[in-house]
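Some notes on the structure that comes next.
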Amino acid sequence: MNVIELHDVCRSFGARLAVDRLDLTIAAGRIHGFIGPNGSGKTTTIRMILRVFAPDRGQVIVFGKEHGEVADDRIGYLPEERGLYKKMRVHDVIKFFADLKGSRHSQADIDDWLRRFSLADRANHRVESLSKGMAQKVQFIAAVIARPELLILDEPFSGLDPVNRELFKDAILDLKRGGMTVLFSTHDMSVAEQMCDSICMIHRGRKVLDGPLDEVRRQYGEDTIRVRTGLTNSELLRLDGVMRINDLGRMRELRMRQGADVQSILRNLVQAGPLEHFELGHPTLHDIFLRIAGDTCAQNECAQNEGGVDG
Numbered sequence: 004m005n006v007i008e009l010h011d012v013c014r015s016f017g018a019r020l021a022v023d024r025l026d027l028t029i030a031a032g033r034i035h036g037f038i039g040p041n042g043s044g045k046t047t048t049i050r051m052i053l054r055v056f057a058p059d060r061g062q063v064i065v066f067g068k069e070h071g072e073v074a075d076d077r078i079g080y081l082p083e084e085r086g087l088y089k090k091m092r093v094h095d096v097i098k099f100f101a102d103l104k105g106s107r108h109s110q111a112d113i114d115d116w117l118r119r120f121s122l123a124d125r126a127n128h129r130v131e132s133l134s135k136g137m138a139q140k141v142q143f144i145a146a147v148i149a150r151p152e153l154l155i156l157d158e159p160f161s162g163l164d165p166v167n168r169e170l171f172k173d174a175i176l177d178l179k180r181g182g183m184t185v186l187f188s189t190h191d192m193s194v195a196e197q198m199c200d201s202i203c204m205i206h207r208g209r210k211v212l213d214g215p216l217d218e219v220r221r222q223y224g225e226d227t228i229r230v231r232t233g234l235t236n237s238e239l240l241r242l243d244g245v246m247r248i249n250d251l252g253r254m255r256e257l258r259m260r261q262g263a264d265v266q267s268i269l270r271n272l273v274q275a276g277p278l279e280h281f282e283l284g285h286p287t288l289h290d291i292f293l294r295i296a297g298d299t300c301a302q303n304e305c306a307q308n309e310g311g312v313d314g
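As numbered in the numbering used here, residues 4 to 314 make up the sequence shown, in order.
Quick look at the structure:
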């Protein structure tokens, strides 16, 4: 069963085309990453799925229906713009959102989530007294408290410290294991790579990549070598077969030219100086996106030079 289907969806704001001919299918029981840089059209698409916006063209089908209410009881939503009733107490604000969704078992769930997120001692505190991280935990609990079938998270890890990022990650994975479908938007490619079953990448409102994560990475082959060496970037670029370097600090990623001989590169690295680490692998999502974005920019520049840009 597909929980979400978008067919040829467009949405503009004045002269700006925010979403351009987008097709998207999300199957039940999976974590689907909706990735791309800020301003790529992710939040606009999410708001069309939630019926906040109507598309200018195309179909937005959720749970098999093209029309529905924004507060569908089967959908939980964590918006990028966090917002809670600051004068309410933590327990009361979560109970309020549970009641809005018609939850019949909210009290036990509220207690469980407050314990899990180390907020039990804050249950009777006003929201305005919480730290930013604590308030974000409360907002997450409010999104999941009614046990939705579909959970939509817009930049859920934004502003979290490493401990709370791990807490959120584990919670999302547990919800998925319980059968929940999760769609989360992020511009953090590493998070998407760790968690997602499938991804859709959009750039300037257009879909540029879509499918199961393993398939997406296989499409680009094993053309990336990760090395730790004392050689400079200039010296690495002079190696036969190396076309680009992504400097990560202690580690460097070398992108090979098509048809390059891996064994030859390895021999040259060993001969050039001490080699602490050598690993052949698929490019990361971050690298794949940079390649796609670079190609798209180059195409647009060519189109402008020829007298116009499509779309």
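Idealized CB from N, CA, C, for every residue including glycine.
For the alpha helix (DSSP H) holding Ile175, just list the boundary residues, first then last. Here the alpha helix (DSSP H) through Ile175 covers 165–180.
For the pair the segment 132–143 and the segment 79–86, tell me if three or more CB-CB distances fall below 8 Å. yes
If you reduce the DSSP assignment to three classes, tell me which class Asp213 lands in. Asp213: strand per DSSP, three-state reduction.
With DSSP as the reference, label Ser267 as helix, strand or coil. Under the three-state reduction of DSSP, Ser267 is assigned to helix.
C-beta contact flag for Leu186 and His35 at 9 Å: Yes, they are a contact pair.
From Leu178 to Arg150, what does the alpha carbon distance come to, in whole angstroms? 9 Å
Residue range of the unbroken beta strand (DSSP E) whose run includes Glu198: First, the residue type needs correcting, since residue 198 is Met and not Glu in the sequence shown. No beta strand (DSSP E) contains Met198, which is instead part of the alpha helix (DSSP H) from 192–198.
Per DSSP, what are the beta-bridge partners of Tyr80 in this structure? Ile155
State yes or no: is the C-beta of Gly214 within less than 9 Å of the C-beta of Ser201? Taking 9 Å as the Cβ cut-off, Gly214 and Ser201 qualify as a contacting pair.
Length at least 4, wholly inside the segment 105–165: the alpha helix (DSSP H) runs in chain order: 109–119, 135–147
Which residues in the same chain have their Cβ closer than 8 Å to the Cβ of Thr189, if we skip the five residues on either side of it in sequence? Gly36, Phe37, Ile38, Glu158, Pro159, Phe160, Ala195
Could you please give the first and the last residue of the uninterrupted alpha helix (DSSP H) stretch that includes Glu282? Not the alpha helix (DSSP H): Glu282 falls in the beta strand (DSSP E), residues 278–284.
By a C-beta neighbour count over all protein chains shown, 10 Å radius and 16 as the cutoff for buried, is Lys104 buried or exposed? buried
Does DSSP put Val55 in a helix, in a strand, or in coil? coil
So what's Ile295 in DSSP terms, helix, strand or just coil? helix
Determine the burial state of Glu309: buried for a count of at least 16 other Cβ atoms within 10 Å of its Cβ, exposed for fewer. The predicted model places Glu309 with a pLDDT of 38, which falls under 50 and marks its position as unreliable, so this point remains unresolved.
C-beta contact flag for Phe66 and Val130 at 9 Å: no
Collapsed DSSP secondary structure at Lys45 in the structure displayed: helix
Identified DSSP bridge partners for Gly36: Phe187, Ile202
Rounded C-alpha distance that separates Glu304 from Gly44: Low local confidence applies: a pLDDT of 42 at Glu304 is under 50, so the model's placement there is unreliable, and no value is given.
Excluding the 5 residues preceding and the 5 following Ala275 in the sequence, name in chain order all residues of the same chain whose CB lies nearer than 7 Å to its CB. Leu234, Glu238
Counted within 10 angstroms of its Cβ, other Cβ atoms place Arg1 as buried (16 or more) or exposed: No answer is possible for residue 1: it lies beyond the span of the chain, which begins at 4 and ends at 314.
Burial state of Gly311, where buried means 16 or more other Cβ atoms lie within 10 Å: Residue placement at Gly311 cannot be trusted, given a pLDDT of 37 that sits under 50; what the coordinates show is reported in the next sentence. Exposed, by the Cβ-count rule.
Whole-angstrom Cβ separation of Gly284 and Thr227, contact assumed at under 8 Å? 6 Å
Looking at the secondary structure, which residues open and close the beta strand (DSSP E) in which Phe16 lies? Under the DSSP assignment, Phe16 falls in the beta strand (DSSP E) whose first and last residues are 5–16.
Kindly indicate which three-state DSSP category Lys68 falls into: helix, strand or coil? strand
Once you ignore the five residues that flank Glu256 on each side, which residues in its own chain have a CB closer than 6 Å to its CB? Thr227, Arg229, Asn249
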